[in-house]
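Protein chains in written order, with my numbering: chain A, 9 to 218; chain B, 51 to 311.
No residue lacks a Cβ here, since even glycine has one placed at the ideal position from N, Cα and C.
Keep in mind that this is a model prediction, so the values were computed, not measured.
Below is one structure, written out as structure tokens, with a few remarks after it.
So this is what it looks like as structure tokens:
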């Protein structure tokens, strides 16, 4: 069963929250007021039967990465699957920016930790974490150096950035690559789901440089 | 509404295939089982039951209850292993019971990283293994930000609470150990790096000289590990001891009725 992403978000915001079975000690606040507003907006949008993509923010998205994304990157429409396929066939550089939690530091050596296989667009390079709203100095350097190596210093190289459908990390990473000076950044917002649903080639890849 | 945010954050780490899944399969478990168990496991009833939410409110704090009914000598459950199939570190805890092998209820809170079976494998005195499972829809529990800032967590580390529910007519008690229990998969909000794992690896709760239960834990147990369990006060003090992954040891003794000792 496939629930459209927007409906999913809608359901999630309205789902009644059952009380835990066991009484628990009080915990710190992790809550934010925004979703209530969002649910009202969604209600309105659904009532009109048409949902416009959110506008582009002035800067990077800082959290809630899995949510409806804009239709454009710096005013340029996101690629559809056919366009992405054409670029793939013509040898554009494909960058997957989904995050990846490696085996934690501090985990007892004999503890089982399973790094699940990461399925991506065939031939893509996986640069984890580079689509977060703010980067550590380490990740920032990793992104710059990876781009430089993968393009051989060619700032005009066509680069397609993607992650999952409705994932802001690809928007962030694409925007960031533009800020780094890359002039032909293309954003494939349908991501791996769009690619896979179209029956296009995939493969299991590891983080670039690992 | 922390829930939605957690769902979204954590869903990022989901394998893409989980989306289209309708009926949950056993593929993951088939791969996992030999990593933890050599003997065959059946699903015979009467050894343990598992109560878990179908959809969890907070993936980093999923309440799970195990109930061990009383059994004949020779066929009593002495240990139970709790596993979350889809967590990168699937083993939550191995619980061992004390010598008193009457009926025993035990509740804990765990992290669920993506839609997953939670399963309990009970081991009897004879070494036989019996399993129960429940499918839980929750995502992002391993990478969800800690609810307390690091300074606050550090200042209170190892503090404990013990309370009984005799006053509410329930032969139960609750033990809580303050500990950030970092999974190692949480992003530090300041450095933007993963916070190293730092978690309670062992717990032991005794009533006088008798062991009530002990646990050996992985990183999938929730922050501030809290357990609720069958308990009948008998005048003996209750001692809670814990050890964490850095080797630090914590302990506190309480009066039988839960008052500070």
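Within-8 Å CB hit, residue i to chain B
i	result
residue 212/A	no
residue 112/A	yes
residue 122/A	yes
residue 154/A	no
residue 3/A	With chain A represented from 9 up to 218, any question about residue 3/A goes unanswered, as that position is not in the structure.
residue 56/A	Bear in mind that the predicted position of residue 56/A carries a pLDDT of just 45, short of 50, making it too unreliable to give a figure here.
residue 64/A	no
residue 149/A	no
residue 140/A	yes
residue 217/A	no
residue 157/A	no
residue 101/A	no
residue 182/A	no
residue 8/A	Given that chain A is displayed from residue 9 to residue 218, the structure contains no residue 8/A and the question cannot be resolved.
residue 95/A	no
residue 67/A	no
residue 197/A	no
Close beta carbons around residue i, own chain, < 7 Å, minus the five adjacent residues each side
i	result
residue 115/A	121
residue 294/B	229, 248, 249, 250, 251
residue 204/A	210
residue 283/B	214, 216, 306, 307
residue 130/A	209, 210, 211
residue 216/A	133, 134, 135, 154
residue 119/B	96, 153
Proximity of residue i and residue j at Cβ, strictly below 8 Å
i	j	result
residue 105/A	residue 206/A	no
residue 79/A	residue 167/A	no
residue 179/A	residue 95/A	no
residue 229/B	residue 258/B	no
residue 218/B	residue 278/B	no
residue 262/B	residue 253/B	no
residue 132/A	residue 193/A	no
residue 243/B	residue 144/B	no
residue 112/A	residue 137/A	no
residue 162/B	residue 130/B	no
residue 156/A	residue 191/A	no
residue 114/B	residue 100/B	yes
residue 128/A	residue 200/A	yes
residue 210/B	residue 302/B	yes
residue 139/B	residue 119/A	yes
residue 280/B	residue 222/B	yes
Residues near residue i in its chain [Cβ-Cβ closer than 6 Å; skip 5 each side]
i	result
residue 74/B	185
residue 97/B	127, 172, 180
residue 197/A	77, 86
residue 135/B	78, 79, 166, 167
residue 183/A	none
residue 289/B	256, 303
Buried versus exposed call for residue i [16 or more other C-beta atoms within 10 Å across all chains shown]
i	result
residue 220/B	exposed
residue 87/A	buried
residue 65/A	exposed
residue 149/A	exposed
residue 260/B	exposed
residue 110/B	buried
residue 142/A	exposed
residue 78/B	buried
residue 299/B	exposed
residue 117/A	exposed
residue 296/B	exposed
residue 153/B	exposed
residue 238/A	Any property of residue 238/A remains undetermined from this structure, which presents chain A solely from 9 to 218.
residue 285/B	exposed
is_contact[residue i, chain A] using C-beta, thresh 8 Å
i	result
residue 91/B	no
residue 141/B	yes
residue 138/B	yes
residue 79/B	no
residue 99/B	no
residue 243/B	yes
residue 144/B	no
residue 290/B	no
residue 214/B	no
residue 269/B	yes
residue 184/B	no
Sequence-distant residues of its chain with Cβ nearer than 8 Å to residue i (five each side left out)
i	result
residue 181/B	91, 92, 93, 169, 170, 171, 172
residue 152/A	188
residue 239/B	195
residue 83/B	91
residue 125/A	212
Contact test: residue i Cβ vs the ligand ATP heavy atom, cutoff 7 Å
i	result
residue 115/A	Summarising the ligand content, the structure contains no ligands, and the ligand ATP is consequently not present.
Open item on the list: Check whether the region 125–132 of chain B and the region 229–238 of chain B are in contact - that is, three or more C-beta pairs closer than 8 Å.
Closed with: no
* Looking at C-beta atoms only, is the number of pairs between the region 173–187 of chain A and the region 270–277 of chain B that lie closer than 8 Å three or more? -> no
Check your understanding: At a cut of 8 Å, does the region 139–152 of chain B reach the region 193–202 of chain B through at least three beta carbon pairs?
Key -> no
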